[in-house]
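Visitor: Take this structure first; my questions come after.
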Amino acid sequence: NTNLKSFFIEGIQKQGIENLKGDFNASSAFYYAILPLSKTNFEFSYFNKDSKKLENINLKLKISDDEISTQSDLNPVNKDLNIYKQYTLWFLAVLFGALFVWRKNYIILALAVVCFALS
């Protein structure tokens with residue numbers, strides 16, 4: 001009999017319990033922990049009420065970099081649209097630059113600089 005909500009292992013910065021089911025007599029949960037990359041095993045002890053003794057659990061850790069293919073491009077960059085945007089901003093910067101030379105208006109120069117900076 002234990003309260004899984006209070007399950008805590010010292011020395012682990014980020015850990016927690018999710019999907020807790022059952023009651024005090026019989027319960028199950030999903031435990032997660034974020035460990036340093038240098039850690040190669042995960043060890044803890046618990047009291048087994050059936051055998052009435054403290055048991056050690058030692059789990060070997062296999063570090064892997066799994067990437068789900070459907071999540072590989074969560075922030076896609078549309079290169080076709082970006083190139084048209086860049087060319088348009090360059091054109092506007094040159095146009096505003098030419099207008100500045102012709103009219104000597106500093107607002108037009110500011111617009112040219114802004115267009116160039118945004119590109």
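So that you can map any letter, position 70 of the sequence shown is 70 in this note's numbering, and since no number is skipped, the others follow by simple counting. C-beta: ideal position from N, C-alpha, C; glycine also.
1) Can you check the stretch 19-60 for any alpha helix (DSSP H) of at least 4 residues that lies completely inside it and give the ranges in chain order?
2) Just to confirm my understanding: we take residue 92, look at its own chain, exclude 5 residues before and 5 after, and list those with CB closer than 8 Å. What are they?
3) If you draw a straight line from the C-alpha of residue 56 to the C-alpha of residue 43, how long is it?
4) Looking at the secondary structure, which residues open and close the alpha helix (DSSP H) in which residue 9 lies?
5) Give me the residue from 14, 30, 54, 13 with the minimum Cα distance to residue 5.
6) Strictly by DSSP, which residues pair up with residue 16?
7) Whole angstroms are fine: how far does the CA of residue 87 sit from the CA of residue 96?
Guide: Reading from the atomic positions:
1) none
2) Closer than 8 Å at the Cβ level, and outside the excluded window around residue 92, lie 111, 112, 115.
3) 7 Å
4) DSSP places residue 9 in no alpha helix (DSSP H); its state is neither H nor E.
5) 30
6) 32
7) 14 Å
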